[in-house]
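Q: According to my numbering, the sequence shown is numbered sequentially starting from 267.
Cβ coordinates follow ideal geometry from the N, Cα and C atoms, glycine included.
Here the structure is a predicted model, which is why all the values come from computation and not from measurement.
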Amino acid sequence: MQANRSQEHVSLYIEPWGLETSQPKGLNIMLALNKEGIYFKNACGGDGSCGRCKIEISEEGNQEYQEILSCKSSLSKDVRIKFPPEMILDL
Ligand code: FES
């Protein structure tokens, strides 16, 4: 499959690693984290039933974080993400 080079990208800053990356706008946030090698422990795989993919997110222009299910959310703006340390899966 060939990448769409004209696709718009957004920036992600991911704590606690201080990881900065760029991913396609509209990409599911769980998939975006997976692409960076970040996986959730005991997650249901994205059907929204387990609640274990919960992260805190702050979109560009907003100082406050809100909790979301990453499997049910997609990237629309530059974001800062707090990944809960207790959910880090060591591979
Ligand atoms: S992976 Fe289970 S609710 Fe998101």
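With three or more C-beta pairs closer than 8 Å as the rule, is the segment 322-329 touching the segment 342-353?
A: Taking 8 Å as the limit for Cβ pairs, the verdict is that the segment 322-329 does touch the segment 342-353.
Q: Excluding the 5 residues flanking Leu341 on each side, which residues of the same chain have their C-beta closer than 7 Å to its C-beta?
A: As a working note, residue 341 is residue 75 in the sequence shown. Excluding residues within five positions, the ones whose Cβ falls inside 7 Å are Val276, Gln289, Lys291, Gly292, Leu293, Ile295, Ala298.
Q: So, at 6 Å on beta carbons, what are the nonlocal neighbours of Asp344 in its own chain, with the 5 sequence-adjacent residues on each side left out?
A: Start at 1 with the first residue of the sequence shown, and residue 344 comes out as number 78. Within the same chain, Asp344 has close Cβ partners Val276, Ser277, Glu326.
Q: Return the residue from the list Arg318, Lys338, Asp313, Glu302 that minimises the CA-CA distance to Glu352.
A: Position 86 of the sequence shown holds residue 352. Of the candidates Arg318, Lys338, Asp313, Glu302, the one whose C-alpha sits nearest the C-alpha of Glu352 is Arg318.
Q: So does Arg318 have its beta carbon nearer than 7 Å to some heavy atom of the ligand FES?
A: As a position in the sequence shown, residue 318 is number 52, starting the count at 1. At least one heavy atom of the ligand FES is nearer than 7 Å to the Cβ of Arg318, so yes.
Q: Determine the DSSP secondary structure at Leu297, reduced to helix, strand or coil.
A: Here the question's residue 297 lines up with position 31 in the sequence shown. If DSSP states are grouped into helix, strand and coil, Leu297 belongs with the helices.
Q: Which class does Ser342 belong to by DSSP, given the choice of helix, strand or coil?
A: One-based indexing of the sequence shown puts residue 342 at position 76. Correct three-state label for Ser342: coil.
Q: Going by CA-CA distance only, name the one from Leu335, Glu274, Trp283 that's closest to Ser315.
A: Counted from its first residue, the sequence shown places residue 315 at position 49. Comparing Cα positions, the closest option is Leu335.
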